[in-house]
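Here's the structure, in structure tokens; my notes come after.
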Ligand code: FES
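In the working numbering, the protein residues as written are 17 to 251.
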């Protein structure tokens with residue numbers, strides 16, 4: 017098969033011919049690096065869809081290299097909306113920044129027994145592997161790098177929904193600016209998640225919960241001339 021890979025040293029696509037079939041893209045790149053071109057640079061670790069380090073775009077769609085099986089004619093590029101370090105490797109420092117901005121962690125657990133069905137409600141959101149595919153696909157983050165974005169908002173929903181969480185109100189307050197109301201609900205983040213997480217759905221749930229807590233969509237307030245008054249947030 018022939019595949020093209022975006023190289024960073026000259027900004028051009030480079031074609032490689034390999035005699036491999038029915039293997040993962042990561043295996044193809046390993047073959048290229050060891051047999052054809054040792055300068056090709058890409059990231060991987062677990063080789064089993066767990067660490068999230070091998071996300072790239074193939075033909076414009078985010079995939080994990082260790083899971084995707086390439087076909088002839090595929091075009092491989094680094095994920096978008098992140099600084100390219102070299103070839104297919106991007107700077108993943110933004111992952112930590114988003115978690116920080118969205119307060120996407122537990123503030124401390126209340127001593128509370130958790131029912132099995134309550135754990136099930138937050139199980140999927142806990143499965144994020146931080147591959148940043150959803151940020152690559154997000155059109156809002158593409159134009160607003162301060163947008164907290166899909167995976168951090170999914171994590172916030174996970175903690176807001178956790179009965180052991182001590183300070184759900186602070187979490188909700190942290191996502192009012194550059195957060196839940198800035199999402200276009202386009203759903204681009206959903207099909208690219210290798211873990212089957214649906215950030216759009218989680219953001220919609222956060223909006224509903226925020227409205228119940230007394231927050232309002234600032235865009236709606238603007239649309240009505242700022243005349244809507246739902247009172248102060250209640251927690
Ligand atoms: Fe870890 Fe692909 S190498 S997810």
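Backbone N, C-alpha and C define an ideal beta-carbon position, used for all residues, glycine too.
Do residue i and the ligand FES come close, with the Cβ less than 8 Å from some heavy atom?
i           : result
residue 47  : no
residue 23  : no
residue 111 : no
residue 74  : no
residue 212 : no
residue 203 : no
residue 209 : no
residue 20  : no
residue 77  : no
residue 144 : no
residue 66  : yes
residue 83  : yes
residue 147 : yes
residue 63  : yes
residue 150 : no
residue 42  : yes
residue 80  : yes
residue 108 : no
Classify residue i as buried or exposed, calling it buried when 16 or more other Cβ atoms lie within 10 Å of its own Cβ.
i           : result
residue 31  : exposed
residue 187 : buried
residue 21  : buried
residue 103 : buried
residue 191 : buried
residue 68  : buried
residue 219 : buried
residue 59  : buried
residue 178 : buried
residue 201 : exposed
residue 66  : exposed
residue 37  : exposed
residue 149 : buried
residue 216 : buried
residue 78  : buried
residue 214 : buried
residue 27  : exposed
residue 44  : buried
Sort the options by Cα distance to residue i and report the nearest one.
i           : options          : result
residue 29  : 69, 74, 107      : 74
residue 70  : 81, 76, 77, 64   : 81
residue 161 : 141, 175, 199    : 199
residue 210 : 189, 153, 36, 23 : 153
residue 53  : 39, 61, 72, 33   : 33
residue 41  : 184, 64, 233     : 64
residue 87  : 214, 159, 19     : 19
residue 25  : 57, 35, 232, 50  : 57
residue 189 : 137, 48, 231     : 231
residue 180 : 208, 121, 72, 44 : 121
residue 182 : 123, 89, 100     : 123
In the DSSP assignment, find the alpha helix (DSSP H) that holds residue i and state where it starts and stops.
i           : result
residue 156 : 155–159
residue 138 : 132–139
residue 220 : 215–228
residue 185 : 184–190
Let's see if you can read the secondary structure: which residues bound the beta strand (DSSP E) around residue i?
i           : result
residue 179 : Looking at the DSSP string, residue 179 is not in any beta strand (DSSP E), and its letter there is neither H nor E.
residue 30  : 29–33
residue 43  : Residue 43 -> not in any beta strand (DSSP E); alpha helix (DSSP H) instead, spanning 41–47.
residue 77  : 77–80
residue 19  : 18–22
residue 71  : 71–74
residue 91  : 91–94
Given 8 Å as the limit, tell me if residue i has its C-beta closer than that to any heavy atom belonging to the ligand GTP.
i          : result
residue 31 : The ligand GTP is not among the ligands present in this structure, which contains only the ligand FES.
* Asked: Does the segment 129–140 come within contact of the segment 100–117, defined as at least 3 CB pairs closer than 8 Å?
  -> no
* To do: Evaluate contact between the segment 191–202 and the segment 148–166, counting only Cβ atoms and requiring at least three cross-stretch pairs below 8 Å.
  => yes
* Segment contact, 8 Å Cβ cut-off, at least three pairs: the segment 171–178 with the segment 132–146 -> yes
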